[in-house]
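*Asks:* Residue numbers (our numbering): 1124 to 1302.
Don't be surprised by glycine CBs; every beta carbon is placed ideally from N, CA and C.
1) Please list the terminal residues of the continuous alpha helix (DSSP H) segment that includes residue 1288.
2) Which partner residues does residue 1271 have in the DSSP bridge list?
3) Give the DSSP-derived three-state secondary structure of residue 1302 in the structure shown.
4) Among the candidates 1215, 1270 and 1183, whose CA atom is the shortest distance from the CA of residue 1259?
5) Ordered along the chain, which non-local residues of its own chain (more than five positions away) have a Cβ less than 8 angstroms from that of residue 1133?
6) Could you have a look at residue 1207 and say whether DSSP puts it in helix, strand or coil?
7) Would you report the Cα separation of residue 1154 and residue 1147, rounded to the nearest angstrom?
8) For residue 1126, which beta-bridge partners are listed by DSSP?
9) Start and end of the alpha helix (DSSP H) containing residue 1216?
10) Have a look at 1277, 1142, 1191 and 1124 and flag the residue whose alpha-carbon is nearest the alpha-carbon of residue 1130.
11) DSSP state of residue 1095, grouped into three classes?
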């Protein structure tokens, strides 16, 4: 199988933006406590009992990250699983080439910046084109959002897994969630 892991700060920023867009379209402008609201607990059919943006979905991200790091108790999809770090896939031609060759696909330097119609499109853009740099910095839109920060705050396992997968370069968020 193939598991794609996205930087969780961008992943959850996109999910929360989607929730906010959903609420706005329905005329609901009140503050949403995502971890316990019907929005935060919105179920995605491919996630089973895991909410869209809550403690369970953050825990699930950490499971995938730990699996990528080699935790044999959490290997998802079997031992031959190919893990793709989404952020590197977008920015690193050699990384993309290595992965594509490992699964027997042809390599192309052409990265499409279009938005697929599947999955509801982009939460941040109504256009069919997305700026790759913007995709990698969705978290900046939520850096001062208490609900967003609360998803990660003081979660030692999540923080360790994030740092082990992505490093500690994102100090702006790490400083807010480590207390």
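*Replies:* Let's see:
1) 1279 to 1289
2) According to DSSP, residue 1271 bridges with nothing at all.
3) coil
4) 1215
5) 1210, 1258, 1259, 1260, 1261 and 1262
6) Reduced to three states, the DSSP call for residue 1207 is strand.
7) Annotation note: pLDDT 44 at residue 1154 (below 50); position unreliable, coordinate value reported separately. Near 11 angstroms, if we compare the C-alpha coordinates of residue 1147 and residue 1154.
8) 1206
9) Where residue 1216 is concerned, the enclosing alpha helix (DSSP H) starts and stops at 1216 to 1225.
10) 1191
11) Residue 1095 is absent from the model: the chain starts at 1124 and stops at 1302.
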